[in-house]
Amino acid sequence: MTIDPSFTVPADLLPADGRFGSGPSRVRESQMEALVRAGRTVMGTSHRQAPVKQVVGRVRAGLADLFSLPEGYEVVLGNGGSTAFWDVAAFGLVRDRAQHLVLGEFSSKFAEETAGAPHLSDPQVLRAEPGSLPSPVAAEDVDVYAWPQNETSTGVMAPVTRVDGMREDQLVLIDATSAAGGIATDLSQADAYYFAPQKCFASDGGLWIAVLSPAAVERAERLASGDRWIPEFLSLTAAIDNSRKDQTLNTPAIATLVLLAEQIEWMLEQGGLAWADARTRATSGMLHSWAERRPEITPFVAEPAARSQVVTTLDVDDSIDASAITALLRRQGIVDIEPYRKLGRNQLRVATFPAVPESDVAALLGCLDAVLDSAGS
């Protein structure tokens, strides 16, 4: 089948907002309005003074409310995204050896970090083919279990739960970068639940956030007090100390904090994490139901329970060039539904973060139907 590049989708089919990217994600208009207002109060001012510290305080308090933090857990912020937190964890949370579940591009990166760290033993790596989900296995010789709640590159979603048979002195580290804020989660099942704000939280990059258990804080303090060299920028204890003062170690991107605070408070106003979970289930479900009725489309993740609520990956039949579909729609304002570049599949990838309403997903599906139905043989 051939996609006609000159085909024009009827204007009445187009979504109100055509941004469906898996990160950076769409930013709501009211967030941008708040950022303009912030330009008169906090932008261009010291991050050590009350106005900016109040924004950080809004973020920490809002996340504590959104996630219903278990007793003793705390919200910690640091400079850099989730990539930086992998280094932070390699210095400040992994005592000697980690077990990693690798199910795609991003989960492999943390495993590579601990494998390359000269002060750590080689990690135990449990791999699965892209599109499928491995399971952690209790092991005596590891002190950290690590995996992503949502593998953004493949659209595989993993449960957040403690490992059967694990010891009390072993920690569970969950990369929640594209899941946090969009999937209901019991944080008592993890010791470090970390993420960046450019996905469900509709903000910008350059920041990591981690919800830490008392056991994780204790591990960080114990490692920092020993003879391990830890760069100050990657010091988890420094991040903890600064976060307790509603600030970050170094100057943060204040616009990122403003957008993040606004999104958290909007989500709480809508009904919190239960509301966000229901919305992402509904919108991702619309995409998977559409795939079931289109013979040209197949869900990439075969196991329904492992299909992501927030990043939907759909294979397109080899007789159709998916890149021609995405290019045609991009010219008409529907953007960022291309597959993850390194996965190399003939595929569509659609983010259904909380800021994406059902009406826009329905409109996207109408546009895709129009494009596919117009294709010539």
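Take any residue in the sequence shown, count from 1 to its spot, add 364: that is its number in our numbering. Cβ atoms here follow ideal geometry from the backbone N, Cα and C, with glycine treated the same way.
Note down the Cα distance separating residue i from residue j, rounded to an integer number of angstroms.
{"i": "S552", "j": "S653", "result": "33 angstroms"}
{"i": "L729", "j": "E722", "result": "11 angstroms"}
{"i": "D317", "j": "P415", "result": "Residue 317 falls outside the range modelled here, since the chain spans only 365 to 741, and no answer is possible."}
{"i": "A428", "j": "E438", "result": "8 angstroms"}
{"i": "E626", "j": "T366", "result": "44 angstroms"}
{"i": "Q534", "j": "A617", "result": "34 angstroms"}
{"i": "A686", "j": "L571", "result": "33 angstroms"}
{"i": "S446", "j": "I547", "result": "18 angstroms"}
{"i": "E633", "j": "G426", "result": "11 angstroms"}
{"i": "R583", "j": "P482", "result": "19 angstroms"}
{"i": "T647", "j": "E585", "result": "42 angstroms"}
{"i": "T478", "j": "G444", "result": "18 angstroms"}
Assign residue i to buried or exposed, taking buried as 16 or more other Cβ atoms, counted over all protein chains shown, within 10 Å of its Cβ.
{"i": "F449", "result": "buried"}
{"i": "W511", "result": "buried"}
{"i": "P703", "result": "buried"}
{"i": "K706", "result": "exposed"}
{"i": "N614", "result": "exposed"}
{"i": "T372", "result": "exposed"}
{"i": "P487", "result": "buried"}
{"i": "G403", "result": "exposed"}
{"i": "E515", "result": "buried"}
{"i": "Q413", "result": "exposed"}
{"i": "T549", "result": "buried"}
{"i": "A375", "result": "exposed"}
{"i": "M631", "result": "buried"}
{"i": "A669", "result": "exposed"}
{"i": "S542", "result": "buried"}
Since residue i contacts residue j with CB under 8 angstroms, what's their CB separation in whole angstroms?
{"i": "R645", "j": "Q673", "result": "5 angstroms"}
{"i": "L430", "j": "G636", "result": "6 angstroms"}
{"i": "A492", "j": "P500", "result": "The pair is not a contact, with the Cβ atoms about 12 angstroms apart (cut-off 8 angstroms)."}
{"i": "A640", "j": "G545", "result": "6 angstroms"}
{"i": "L441", "j": "V420", "result": "7 angstroms"}
{"i": "A556", "j": "A580", "result": "5 angstroms"}
{"i": "G385", "j": "A715", "result": "6 angstroms"}
{"i": "V680", "j": "L712", "result": "6 angstroms"}
{"i": "G382", "j": "I698", "result": "4 angstroms"}
So which of the options has the shortest CA-CA distance to residue i?
{"i": "L484", "options": "D724, T516 and W593", "result": "W593"}
{"i": "V508", "options": "D460, G495, V520 and G468", "result": "D460"}
{"i": "T525", "options": "T518, A540, G519 and T516", "result": "A540"}
{"i": "K609", "options": "G382, R422, S370 and A739", "result": "R422"}
{"i": "H411", "options": "A454, N606 and P482", "result": "N606"}
{"i": "T409", "options": "S389, E532 and A619", "result": "A619"}
{"i": "C564", "options": "K473, A554, F717 and T662", "result": "F717"}
{"i": "V725", "options": "A375, G590 and A380", "result": "A380"}
{"i": "L537", "options": "R531, A602, A543 and L457", "result": "L457"}
{"i": "R671", "options": "I661, R657, G649 and R658", "result": "G649"}
{"i": "A554", "options": "S542, A543, V575 and G569", "result": "V575"}
{"i": "G436", "options": "P578, R401, V466 and D505", "result": "P578"}
{"i": "Q696", "options": "L732, S472 and T676", "result": "L732"}
Only counting the same chain, and skipping five residues up and downstream in sequence, which positions put a Cβ closer than 6 angstroms to that of residue i?
{"i": "A688", "result": "I367"}
{"i": "F455", "result": "I594 and L598"}
{"i": "R709", "result": "P703"}
Residues in the same chain with beta-carbon distance under 8 angstroms from residue i, minus the five sequence neighbours each way, listed in chain order, please.
{"i": "D528", "result": "A502"}
{"i": "E629", "result": "R422 and G426"}
{"i": "L377", "result": "A727, G730, C731 and A734"}
Output needed for residue i: all residues of its chain with C-beta closer than 7 angstroms, excluding positions within five of it in sequence on either side, in chain order.
{"i": "S683", "result": "M365"}
{"i": "G468", "result": "P494, E515, S517, T518 and V520"}
{"i": "A398", "result": "V622 and E626"}
{"i": "S567", "result": "P561, T620, L623, L624 and Q627"}
{"i": "R401", "result": "none"}
{"i": "E660", "result": "V680, D681, I684 and L736"}
Closer than 8 angstroms to a non-hydrogen atom of the ligand ADP - does that hold for the CB of residue i?
{"i": "P663", "result": "In the structure on display, the ligand ADP does not appear, and there are no ligands present to speak of."}
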